[in-house]
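A.B. asks:
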Amino acid sequence: MLGLNVVDWDPFALHTQLSSLILDLIDNPEIFTSKHLKKDGSLIDVEINAKGVVIDNKRYLFASQRTIKARNTTQVDLANKLLVREKAKYKTILELASDGVFIMDFEGRLLEYSKKAQDLLGYSDSEMVDLSVFDWDKNITKEEYAQIILALKKGPIEIERIHTRKDGSKYIAFITANIINIKDQELLYASARDITQQKESQRIIIEQNEQLEAIFQTALGGISLLSLDGKYEFVNNKYCEMLEYSSKEILDKSTFDFTDKEYLAEYKHVLKEVTEKSIYEDFERVCITKSGKLKRLRSSIALMPNNRQLLMTTVDNTDLFNAMSIIRKQTYTDDLTKLDNKRSYNNHIKENLRLYERYEMPFSMIIFDIDFFKKVNDNYGHLVGDKVLKELGSLVSSNIRGTDTAFRIGGEEFALILKNTSLNNAVIVAEKLRTIVEQDLDTIKGQTITISLGVTQVIIGDTTDSIYTRADTCLYTAKKHGRNCVIASD
């Protein structure tokens, strides 16, 4: 016996790998099976218990063996190829794997496994040796396993299975499987991860989402989730009902698509302010329904905690607005011209100054009056004078935008507040009104009636008095320049 080498009785051991294998076994004791070659040339199946020992300060490999009942030749051969020939190659992969790694033959027999795979199943090393996929996957049949092999021949697959541990407990395994080739032998390589907790978390989230969905869908008010650029990501039934669209028609469209264009600028300012400053804001806007109706909607909007969405709650204020309009008309409308009165002007100028201070929303003001109006009253009487005022009011209201407001603030003095309008554009509006009045206000046959206009734009630090005074000064300058003209502030 003395003088024999391992390769003399173990035909599967390779000289090139022998040294690294022995050193590995000295550091990592292991029990494994192999085939040994007897002197007469026959092969016997043996179980080897190998470990390192120290004698006289020298390290040696101590191996004991026992003859075992022959196992299936293919299984033993493949096992030895993995354990001996390819051990050095795959051991590092198995040890470093964060998931459980199972290597099996096409019959489902377990040939090699990682420490994580053993931990998942709860078996000892000696027990793992005799396992097959059918021991931990109780629900899989041989036919199903064969189908998986066929599928793997087309490429890697990902599946979820229920695995049973040694103690009978179960876990949900997410498996990535592929076919590998080791020394011309095709084997099944499966990486398994326990996703039981992940699945439970998903179940809880789904359940909570379903509860929230039920709450949202039964809410009396409209609820919607918007992306930061204003696209709808969720709408409840009530919100769809308000706009007369289905959720499918609304989702992925912009909230601006349903907003009347005259309210767009103000609405965009609100969303920008909420997004950039994380404030909570109430606002009103006019939306266009599928049937073309205008709905006046009152909304509250806030930035969600994730900073990626806006939550908007909405009520339909159309009926209330219409009802209040009747009262408002009686309170804030000038009886003669049907324009807004001085009280309404005071409210509007304060509100527009507030919006400017908070959102930097610009607006301009035009102050104008009728040139030589006293002569009209003196020469033609107050009834004719009233008719001139009335027709002037009609001309003005029919030639301004819905977001602009015209006021009669004195006898023959009028004001216009133009939202989201620069000074240059306000001058254009003023010049347009001046021309229309000169050409179309023909109350008195044969006599041209004209107006003089002063224009200004809101600036930082403005008050109700300062902006009015600036526009009124421009009006006074227009009269000094011969009337029937437009003068704007610097």
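Counting from 151, one number per residue, gives the positions in the sequence shown under our numbering.
We put the beta carbon where it would ideally sit given N, CA and C, even for glycine.
#1: Would you please state the rounded distance, in angstroms, between the beta carbons of residue 283 and residue 290? I believe it to be under 8 Å.
#2: Report, in whole angstroms, the separation of the C-beta atoms of residue 302 and residue 261, which I expect to be a contact under 8 Å.
#3: With distances taken between CB atoms, is the gap from residue 543 to residue 481 smaller than 7 Å?
#4: State the DSSP-derived secondary structure class of residue 182, mapped to helix, strand or coil.
#5: Here's a check: name, in chain order, each residue in its chain whose Cβ is nearer than 8 Å to the Cβ of residue 556, leaving out the five neighbours to either side.
#6: In this structure, does DSSP put residue 127 in helix, strand or coil?
#7: With distances taken from CA atoms, which of 484, 272, 277, 505 is nearest residue 416?
#8: Name, in chain order, the residues that DSSP records as bridge partners for residue 254.
#9: How should residue 392 be labelled, buried or exposed, when 16 other C-beta atoms within 10 angstroms of its C-beta is the threshold for buried?
#10: So, at 6 Å on beta carbons, what are the nonlocal neighbours of residue 213 in its own chain, with the 5 sequence-adjacent residues on each side left out?
#11: Would residue 537 pass as a contact of residue 593 if the rule is Cβ separation under 7 Å?
#12: Using only alpha-carbon positions, find the residue among 462, 447, 304 that is nearest to residue 454.
#13: Are the region 436-450 and the region 384-398 touching by the rule of at least three beta carbon pairs closer than 8 Å?
#14: If I measure Cβ to Cβ from residue 620 and keep anything under 6 Å in the same chain, skipping five residues before and after, which residues do I get?
#15: Thinking C-beta only, is residue 340 closer than 7 Å to residue 325?
#16: Which word fits residue 637, buried or exposed, when buried means at least 16 other C-beta atoms lie within 10 angstroms of its C-beta?
#17: Do the region 410-428 and the region 443-460 touch if we need at least three Cβ pairs shorter than 8 Å?
#18: Report all residues from its chain with a CB closer than 7 Å to the CB of residue 429; omit the five preceding and five following residues, and keep chain order.
#19: According to the neighbour-count rule (16 or more other Cβ atoms, all chains shown, within 10 Å of its Cβ), is residue 570 buried or exposed?
#20: On the three-state DSSP scale, how would you describe residue 447?
#21: Strictly by DSSP, which residues pair up with residue 399?
#22: Does the region 343-351 come close enough to the region 366-373 to have 3 or more Cβ pairs within less than 8 Å?
#23: Have a look at the DSSP bridge pairing and note the partners of residue 606.
#24: What beta strand (DSSP E) runs, 3 residues minimum, are completely inside the region 356-420?
#25: If we ignore side chains and look at the alpha-carbon of each, how far apart do residue 207 and residue 186 end up?
#26: Are residue 382 and residue 400 closer than 7 Å when you measure CB to CB?
#27: Looking at the unbroken alpha helix (DSSP H) that takes in residue 624, where does it start and where does it end?
#28: Can you grab the Cα-Cα spacing for the pair residue 178 / residue 202, in whole Å?
#29: With distances taken between CB atoms, is the gap from residue 581 to residue 523 smaller than 7 Å?
#30: Am I right that residue 448 and residue 434 are in contact with their C-beta atoms under 8 Å? What's the rounded C-beta distance?
#31: Report the start-end ranges of each alpha helix (DSSP H) in the region 516-548 that is 4 residues or longer and not cut off at the edges.
#32: With 7 Å as the threshold, decide whether the Cβ of residue 459 is near any Cβ in chain E.
#33: Do you know how far the Cα of residue 159 is from the Cα of residue 165?
#34: Can the beta-carbon of residue 271 be found less than 7 Å from the beta-carbon of residue 315?
#35: Spatial neighbours of residue 552 within its chain, please: C-beta separation below 6 Å, excluding the five flanking residues on both sides.
#36: By how many angstroms is the C-alpha of residue 390 removed from the C-alpha of residue 379?
C.D. replies: Straight from the coordinates:
#1: Along the sequence shown, read from residue 1 onward, the residue named residue 283 stands at position 133. Along the sequence shown, read from residue 1 onward, the residue named residue 290 stands at position 140. Right, their Cβ atoms sit about 7 Å apart.
#2: In the sequence shown, counting from the first residue as 1, residue 302 sits at position 152. In the sequence shown, counting from the first residue as 1, residue 261 sits at position 111. Residue 302 to residue 261, Cβ: 16 Å. No contact.
#3: By 1-based counting over the sequence shown, the position of residue 543 is 393. By 1-based counting over the sequence shown, the position of residue 481 is 331. Taking C-beta atoms as the reference points, residue 543 and residue 481 fail to come closer than 7 Å.
#4: In the sequence shown, residue 182 corresponds to position 32, counting from 1. Of the three classes helix, strand and coil, the one that applies to residue 182 here is strand, per DSSP.
#5: Counting from one through the sequence shown, the residue named residue 556 turns up at place 406. If we look at residue 556 and ignore the five residues flanking it on each side, its Cβ neighbours are 489, 490, 543, 546, 547, 550, 564, 565, 566.
#6: With the chain represented from 151 up to 640, any question about residue 127 goes unanswered, as that position is not in the structure.
#7: In the sequence shown, the residue the question calls residue 416 occupies position 266. For residue 416, the nearest C-alpha among the options comes from 505.
#8: Indexing the sequence shown from 1 puts residue 254 at position 104. Paired residue(s): 260, 338.
#9: As a first step, residue 392 must be located in the sequence shown, where it is residue number 242. Burial is judged here by how many other beta carbons sit within 10 angstroms of a residue's own beta carbon; residue 392 has at least 16 and is buried.
#10: Counting from one through the sequence shown, the residue named residue 213 turns up at place 63. Apart from the 5 residues on each side of it in sequence, residue 213 sits with its Cβ closer than 6 Å to the Cβ of 198, 200 in its chain, given in chain order.
#11: Here residue 537 refers to the residue found at position 387 when the sequence shown is read from its first residue. Here residue 593 refers to the residue found at position 443 when the sequence shown is read from its first residue. It is a contact, given that the beta carbons lie within the stated cut-off.
#12: If you number the sequence shown from 1, residue 454 lands on position 304. Taking the Cα of residue 454 as reference, the smallest distance to any Cα among 462, 447, 304 is reached at 462.
#13: Counting C-beta pairs closer than 8 Å gives three or more between the region 436-450 and the region 384-398, which meets the contact rule.
#14: Against the sequence shown, residue 620 aligns to sequence position 470. Residues of the same chain with a CB within less than 6 Å of the CB of residue 620, apart from the 5 flanking positions on each side, are 606, 639 in chain order.
#15: Here residue 325 refers to the residue found at position 175 of the sequence shown. Here residue 340 refers to the residue found at position 190 of the sequence shown. Yes, the Cβ-Cβ distance between residue 325 and residue 340 is below 7 Å.
#16: On the sequence shown, residue 637 is found 487 positions in, with the first residue counted as 1. Taking all protein chains in view, the Cβ of residue 637 is crowded by 16 or more other Cβ atoms within 10 Å, so the residue is classified as buried.
#17: Contact between the region 410-428 and the region 443-460 is present, because at least three Cβ pairs lie under 8 Å.
#18: Position 279 of the sequence shown, counting from 1, holds the residue named residue 429. So the qualifying residues of the chain are 423.
#19: The count along the sequence shown starts at 1 and reaches residue 570 at position 420. With 16 or more other Cβ atoms from the protein chains shown falling within 10 Å of its own Cβ, residue 570 counts as buried.
#20: Along the sequence shown, read from residue 1 onward, the residue named residue 447 stands at position 297. Secondary structure of residue 447 (DSSP, three-state): strand.
#21: Working through the sequence shown from its first residue, we reach residue 399 at position 249. None; residue 399 has no bridge partner.
#22: With the cut-off at 8 Å, the region 343-351 and the region 366-373 do not touch.
#23: Taking the first residue of the sequence shown as position 1, residue 606 is located at position 456. 515.
#24: Entirely contained in the region 356-420, the beta strand (DSSP E) runs reaching 3 residues are, in chain order, 372-377, 382-385.
#25: Here residue 207 corresponds to residue number 57 of the sequence shown, with the count starting at 1. Here residue 186 corresponds to residue number 36 of the sequence shown, with the count starting at 1. Cα-Cα distance, rounded: 30 Å.
#26: Translated into the one-based positions of the sequence shown, residue 382 becomes position 232. Translated into the one-based positions of the sequence shown, residue 400 becomes position 250. Their beta carbons are under 7 Å apart, which means residue 382 touches residue 400 by this criterion.
#27: The sequence position of residue 624 within the sequence shown is 474, counting from 1. Counting along the chain, residue 624 sits inside the alpha helix (DSSP H) bounded by residues 614-630.
#28: As a working mapping, residue 178 is identified with position 28 in the sequence shown. As a working mapping, residue 202 is identified with position 52 in the sequence shown. Pairing residue 178 with residue 202, the inter-Cα distance amounts to about 8 Å.
#29: For this step, residue 581 is matched to residue 431 along the sequence shown. For this step, residue 523 is matched to residue 373 along the sequence shown. In this structure, residue 523 does not lie closer than 7 Å to residue 581 by Cβ.
#30: If you number the sequence shown from 1, residue 448 lands on position 298. If you number the sequence shown from 1, residue 434 lands on position 284. Right, the Cβ-Cβ distance comes to about 5 Å (below 8 Å), so this counts as a contact.
#31: Taking only runs of at least 4 residues, the alpha helix (DSSP H) segments lying wholly in the region 516-548 are 523-530, 532-547.
#32: The chain inventory of the structure shown lacks chain E, comprising one protein chain alone.
#33: Position 15 of the sequence shown holds residue 165. Position 9 of the sequence shown holds residue 159. Note that residue 165 has pLDDT 46, beneath the 50 cutoff, so the model's placement of it is unreliable and no number is given.
#34: Taking the sequence shown and counting its residues from 1, the one referred to as residue 271 is at position 121. Taking the sequence shown and counting its residues from 1, the one referred to as residue 315 is at position 165. It is a contact, given that the beta carbons lie within the stated cut-off.
#35: Sequence index remark: in the sequence shown, residue 552 carries index 402 (1-based). Excluding sequence neighbours, residue 552 sits near 412.
#36: The sequence position of residue 379 within the sequence shown is 229, counting from 1. The sequence position of residue 390 within the sequence shown is 240, counting from 1. Cα-Cα distance, rounded: 20 Å.
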